[in-house]
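In UniProt numbering, the protein residues as written are 1 to 632.
Every residue gets a Cβ at the ideal spot worked out from N, C-alpha and C, and that includes glycine.
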């Protein structure tokens, strides 16, 4: 390294300081992962150079084949990781090594818990593996030059992992990056060839370019020039036959492509031959990333064409509702100079997207059948995202529906563990519809008056409490030939589940209460679209139903939260003619008192439905008035 010029000392971004503190003090139980992270970064740098060199061959600078070299010096207590990949400019160094260049920095800080396992997972999510060097080093030096830049524009970066770092311009003849770790006292075990070889075999055997270490000398005179030997397989894992790849190798490759610290739940490795030729290796993570619900967040598969890296996040190969899937797709049918614009127009992409989507859904189906506990974990992490599927993927609507899980009146309290196939298997004789109820919380829907007739008849009802559920059900109209029915919407018809005697009795009661219905409609004319005798109630005096074409409470709240005005609509007010309060109302002669009672019943029905009152003060005033009259 020549004399440094343009040297400056800069402060770390506040978030980096907190991250370094976490690295240094929290991850002591799994120190060796620093090498996996640095090797993974070096591999990415080689991939990026290979891609950029397709358009600019001069970036290769006529140099050697791409590789990663790791050396060590026991006496100096250093470990050096060097690659001849794309390298970094001065601006790159300051941006990537001084800040967390992610939009989710605030989320990152919010999610830090002090729990070692959870926080180590976050480090992977935020793509900040470089800082893991400070787990074992008390000083880190980086010497780098971006391919294509003059040799005099190399960059030197160093830091002790505290509040600041130094940057200087240096002479660097070879492109790429060299990272020198000055090991802390007590970490000398890593300045050892045997230890480094074991870590590489354990974590980085799948890396598709050679990882070289100095050749061990056994009592021989050291050669004049250092000899190197490749210690990893150095072949793209996804190109190898499935029978030759061990489970641990699949798991480590997942950590490489996803920067996750945990093993995936499941994966699918598949080679397609025929009209289309491509290989895919798709993974389902065990935990949701911090930006899962930021629909514009970077996502997608690593794309290779004939084993040449093309892009990191090719999002055209899977629909948005499967954005959590990680992995690799390697195609023989795409042009090597493929660009984002070409990807969006190429009909081959549509065919691959369709096939890969089906493969993911098949993988999830298999997980649900063979590993129900793991599927439960998947559902907890990604269930709400999967619920976006029926609206986005019409061709796979039935398949997605089969993967959905719901709470129900017959499931475990509040657990979303009921599959639609299970529900159909438990349907009552004569039942030909799937009944459901949406609401803001499990407690609210499980106690809803809308369920009274279903409890009486022993009919299972799905309880939907995620904010997306009402929107989902507007796209999911049937499953296995059975229509979905919202029990709070329209005029409830139980079909064959009601006997002819029941139906006749309902009609007769409705006729006898026509006058009462008319009086209530007049009293509540500004509040309701219709008043009618209810067939849903056994215990409650009254209930609010939604018109067939009207928005429910969930959708109204979603629209209002996004600043949109929900269309005007009035609920249907249904009364239980056999309830003592309704009988008392029917006998009330004082019209003012009748109006007050009708409004109190209406407001109580709104509260039971999870809605807020338009005029709480009027409700309290009427209720107090009635209480005073009762106590007089």
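- Inter-segment contact for the segment 492 to 503 and the segment 513 to 528 is absent: fewer than three beta-carbon pairs are separated by less than 8 angstroms.
- In the same chain as residue 529, and ignoring 5 residues on each side of it, the C-beta atoms closer than 8 angstroms to its own belong to 547, 569, 570, 571 and 572, in chain order.
- Judged by DSSP in its simplified three-state form, residue 182 adopts strand.
- Taking the CA atoms as reference points, residue 601 sits about 17 angstroms from residue 488.
- Taking all protein chains in view, the Cβ of residue 587 is surrounded by fewer than 16 other Cβ atoms within 10 Å, so the residue is classified as exposed.
- Of the residues 384, 52 and 574, the one whose Cα lies closest to the Cα of residue 513 is 574.
- Judged by beta-carbon spacing, residue 323 lies within the 8 angstroms limit of residue 385, meaning their Cβ atoms are closer than that value.
- Rounded to the nearest angstrom, the Cβ distance from residue 178 to residue 91 is 19 angstroms, too far for a contact under 8 angstroms.
- For the 8 angstroms CB-CB criterion, residue 93 and residue 142 form a contact.
- One alpha carbon belongs to residue 440, the other to residue 379, and they sit about 19 angstroms apart.
- As the crow flies, the alpha-carbon of residue 425 is around 17 angstroms from that of residue 412.
- Non-local beta-carbon contacts of residue 550 in its own chain, meaning distances under 7 angstroms to residues more than five positions away in sequence, involve 569 in chain order.
- By the neighbour-count criterion, in which 16 or more other beta carbons inside 10 Å mark a residue as buried, residue 72 falls on the buried side.
- In the structure shown, the three-state DSSP call for residue 313 is strand.
- The DSSP assignment places complete beta strand (DSSP E) segments of no fewer than 3 residues inside the segment 249 to 305 at 266 to 272, 278 to 284 and 301 to 305, in order along the chain.
- In the DSSP annotation of this structure, the continuous segment of the alpha helix (DSSP H) that includes residue 380 starts and ends at 372 to 386.
- Look at residue 16 here: in three-state DSSP terms it is helix.
- DSSP, read as helix, strand or coil, puts residue 444 in helix.
- Rounded to the nearest whole angstrom, the C-alpha separation of residue 279 and residue 240 is 10 angstroms.
- Spatial neighbours of residue 531 in its own chain (CB-CB distance under 6 angstroms, excluding positions within 5 residues in sequence) are listed in chain order as 517, 520, 521 and 573.
- About 5 angstroms separates the CB atoms of residue 85 and residue 176; that is less than 8 angstroms, so the two are in contact.
- Remark: C-beta atoms of residue 216 and residue 228 do not approach each other more closely than 8 angstroms.
- The segment 469 to 479 and the segment 391 to 404 touch, with no fewer than 3 CB-CB distances between them shorter than 8 angstroms.
- Cβ contact annotation for residue 148 (same chain, cutoff 6 angstroms, sequence separation greater than five): 59, in chain order.
- The C-alpha of residue 630 lies about 60 angstroms from the C-alpha of residue 396.
- Checking the DSSP bridge columns, you'll see residue 214 partnered with 228.
- Taking one beta carbon from each stretch, the segment 182 to 191 and the segment 150 to 157 have fewer than 3 pairs nearer than 8 angstroms; the two do not touch.
- Distance between residue 559 and residue 565, taken at the CA atoms: about 7 angstroms.
- DSSP places residue 422 in no beta strand (DSSP E) but in the uninterrupted alpha helix (DSSP H) bounded by 420 to 425.
- Judged by their CB atoms, residue 479 and residue 429 are not nearer to each other than the 8 angstroms cut-off.
- In the DSSP assignment, the residues bridged to residue 157 are 142 and 167.
- The segment 245 to 260 makes no contact with the segment 344 to 362, as fewer than three CB pairs between them are under 8 angstroms.
- The closest CA to that of residue 356, considering only 319, 372, 50 and 369, is found on 319.
- For residue 32, the CB contacts under 7 angstroms within the same chain, skipping 5 residues up- and downstream, are 199 in chain order.
- The alpha-carbon of residue 584 is positioned some 15 angstroms away from that of residue 539.
- If you draw a straight line from the Cα of residue 614 to the Cα of residue 466, it is about 24 angstroms long.
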